[in-house]
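Residue numbers for the sequence shown follow full-length UniProt numbering, beginning at 1 and rising by one.
Don't be surprised by glycine CBs; every beta carbon is placed ideally from N, CA and C.
One structure is given below, encoded as structure tokens.
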Amino acid sequence: MKDKVWIFDTTLRDGEQALKASLTEDDKIQLAHTISRLNVDVMEVGFPVSSPADFRSVQRIATEVKGPIICGLARAVAKDIEACGEALRPAEQGRIHTFIATSPLHLEHKLRMSLDDATAMAVKSIQLARNYTDDVEFSCEDAGRTPHWDLCRIVEKAIDAGASTINLPDTVGYVTPDEYAAMIHHLMNNVPNIDKARLSVHCHNDLGLAVANSIAAVQAGARQIECTINGIGERAGNCSLEEVAMIMKMREDHLKVHTDIRSEEIYRASRQVAKICNMPVQPNKAIVGENAFAHSSGIHQDGVLKAQNTYEIMSPESVGVPNNQLNMTSRSGRHVIEHRLEELGYQKSDYDMDSLYSSFLALADQKGTVYDYDLEAMIYFNQIKDKDEKYQLEFVNSTSNSQSVASSTIGMTIDGESKQEAATGNGPVEASFLAIERLTGMSVEMIEYNLEATGQGASSLGQVNIIAKYDGRPYHGAGIAADVVEASVRAMIRVYNLIYRAQKVSDLKQQRKAG
Ligand SMILES: CC(=O)SCCNC(=O)CCNC(=O)[C@H](O)C(C)(C)COP(=O)(O)OP(=O)(O)OC[C@H]1O[C@@H](n2cnc3c(N)ncnc32)[C@H](O)[C@@H]1OP(=O)(O)O
Ligand SMILES: CC(C)C(=O)C(=O)O
Numbered sequence: 001m002k003d004k005v006w007i008f009d010t011t012l013r014d015g016e017q018a019l020k021a022s023l024t025e026d027d028k029i030q031l032a033h034t035i036s037r038l039n040v041d042v043m044e045v046g047f048p049v050s051s052p053a054d055f056r057s058v059q060r061i062a063t064e065v066k067g068p069i070i071c072g073l074a075r076a077v078a079k080d081i082e083a084c085g086e087a088l089r090p091a092e093q094g095r096i097h098t099f100i101a102t103s104p105l106h107l108e109h110k111l112r113m114s115l116d117d118a119t120a121m122a123v124k125s126i127q128l129a130r131n132y133t134d135d136v137e138f139s140c141e142d143a144g145r146t147p148h149w150d151l152c153r154i155v156e157k158a159i160d161a162g163a164s165t166i167n168l169p170d171t172v173g174y175v176t177p178d179e180y181a182a183m184i185h186h187l188m189n190n191v192p193n194i195d196k197a198r199l200s201v202h203c204h205n206d207l208g209l210a211v212a213n214s215i216a217a218v219q220a221g222a223r224q225i226e227c228t229i230n231g232i233g234e235r236a237g238n239c240s241l242e243e244v245a246m247i248m249k250m251r252e253d254h255l256k257v258h259t260d261i262r263s264e265e266i267y268r269a270s271r272q273v274a275k276i277c278n279m280p281v282q283p284n285k286a287i288v289g290e291n292a293f294a295h296s297s298g299i300h301q302d303g304v305l306k307a308q309n310t311y312e313i314m315s316p317e318s319v320g321v322p323n324n325q326l327n328m329t330s331r332s333g334r335h336v337i338e339h340r341l342e343e344l345g346y347q348k349s350d351y352d353m354d355s356l357y358s359s360f361l362a363l364a365d366q367k368g369t370v371y372d373y374d375l376e377a378m379i380y381f382n383q384i385k386d387k388d389e390k391y392q393l394e395f396v397n398s399t400s401n402s403q404s405v406a407s408s409t410i411g412m413t414i415d416g417e418s419k420q421e422a423a424t425g426n427g428p429v430e431a432s433f434l435a436i437e438r439l440t441g442m443s444v445e446m447i448e449y450n451l452e453a454t455g456q457g458a459s460s461l462g463q464v465n466i467i468a469k470y471d472g473r474p475y476h477g478a479g480i481a482a483d484v485v486e487a488s489v490r491a492m493i494r495v496y497n498l499i500y501r502a503q504k505v506s507d508l509k510q511q512r513k514a515g
């Protein structure tokens, strides 16, 4: 049986300390229920002495939330311990977590006392806490910068006083993994009663080492990790719960430890914490970031389509993410487009891949990510460059401003020959249409012009539908592009190509009549 590592979530205490605005009581109770669904072992939910509101929140969570041990934080002073004990009284299992700084820097400049004085305060506060609960945790604040022998002295006394969990915070995120391991090993080898307590670590991320330090401490013998969802917390935050939970899940065989975390609840908890705490998760955040299961380059996408574990060490479902994403960008290959169209119900006969792919790349270069509706619009509006078309767009270069006329230069190939014309107009669309008239030598009568978005939000495309008359007959042209002027030009060129086709048909009919 592999050793269990306890997960001590402090999202609602250390995590909340970092918020610009404290959470309301309702916010905390909602998050407490969500966090408990992760099956964390301990949930630290506040600092009861700090305010009546925090006292009430702790008390309400202690009353309503079942499952985890409910924990409150207290300085090594009687009023803090008493407030904590009272607030936790309704809990099925309550833990009082008391702490005092032990580093020379904090002792001299913040507490202005000796280590012996701090140790005496710690012993008294632990003994007082034991009047409320058997489950008392003691933290040596700033342990990361405390000489190991000083730690040994206060830890031994704290265990003798009744602390069953000894927490060694790297309060300012200064320690490296090897130093953390050395600290744990030193305590395990030099504190006589160390086996009576579970060693815990509480790592901050000021140097980006919180998760690495937590795992190093576990490898050295610690069996509780204090962490927060999305890694929120003071300054650069704490150790991220989702990251250490998935490290121990995915590398259980190597680490020889496990947790009881329900990983499929991670993503939902992460999004709720991000929303309620107004702390958005960065896109490349491990496990829960928007990009965590998004594959963008063609080689990765092709690999994932053939075998998911080529580029995914865990399934998105294992952390509660509905599915992975294959973002269609200019770095995507043909396979992912074919796969996406197949999922959308298209047969290979519905499109010409080479033409579609070149149009796809042009669009992707323009707008970054190509969405399903873009692909479908390209197929439906036949924006695939048909090699037989007489008129083909090369470029649109239009300008407009509210103080003067607009101008536009249109480049086209006509029967394979590149030509360009410029014109001015009341707007860039009218200027572009006039330039097309000059290039084709034909003028059409605009009957209808319709512009709409093909998708959602700023990344959608402009879709233009035109009805125009030539020689008494209506023609319908459609075009799409990220730029609405280009979409209009594409639609109009479509009209001219249809006119040309109609003329060809008419000529053929005349020839047949003539004989
Ligand atoms: C590393 C951490 O995250 S620790 C947790 C941080 N969380 C909080 O601070 C919670 C919000 N804080 C508060 O509500 C307030 O600071 C309170 C209620 C805890 C204390 O408020 P006040 O009594 O006004 O004290 P204030 O915050 O100004 O200063 C802290 C005092 O506690 C003392 N102190 C700090 N840590 C400890 C400790 N672990 N044990 C005993 N005393 C401590 C300081 O020396 C200072 O005492 P002093 O006024 O005699 O110099
Ligand atoms: C009170 C302790 C656990 C703490 O939050 C820290 O030292 O960072």
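Tell me whether residue i sits in a helix, a strand or coil according to DSSP, three-state version.
i           : result
N450        : strand
R512        : helix
I69         : strand
A74         : strand
S402        : coil
I96         : strand
A236        : coil
R112        : coil
G425        : strand
S139        : strand
I379        : helix
I225        : strand
L105        : helix
R153        : helix
A21         : coil
Y391        : strand
Y470        : strand
E44         : strand
I384        : Note on I384: pLDDT 42, under 50, position unreliable in the model; the coordinate value appears next. Of the three classes helix, strand and coil, the one that applies to I384 here is coil, per DSSP.
L326        : strand
D507        : helix
D483        : coil
E338        : helix
V273        : helix
V49         : helix
E179        : helix
V321        : coil
residue 527 : The structure shown does not extend to residue 527, since the chain is modelled only from 1 to 515, so the question has no answer here.
N497        : helix
T146        : coil
In the DSSP assignment, what are the bridge partners of residue i?
i    : result
K4   : H258
Q420 : G411
S296 : BP columns for S296 are empty, so no partner.
D170 : C203
A478 : N465
T165 : E137 and R198
D117 : Beta-bridge pairing links D117 to no other residue.
N397 : T409
D9   : M43 and C227
E445 : K469
V370 : M328
Cβ atoms of residue j and residue i: under 8 Å apart, would you say?
i    : j    : result
I70  : V49  : no
E452 : L439 : no
I276 : L23  : yes
K196 : I225 : no
L199 : L187 : yes
H97  : A74  : yes
D302 : H258 : no
M328 : A364 : yes
V288 : I266 : yes
I436 : Y373 : no
If residue i and residue j are in contact, beta carbons under 8 Å, what's the gap, nearest whole angstrom?
i    : j    : result
I493 : Y391 : 5 Å
S432 : I410 : 6 Å
N193 : E156 : 6 Å
G173 : N205 : 5 Å
V273 : V244 : At roughly 16 Å, the Cβ-Cβ gap does not stay under 8 Å, so V273 and V244 are not in contact.
G425 : L434 : 6 Å
E317 : E242 : Between E242 and E317 the Cβ distance is about 15 Å, and since that is not below 8 Å, they are no contact.
I313 : M250 : 6 Å
G72  : A87  : 6 Å
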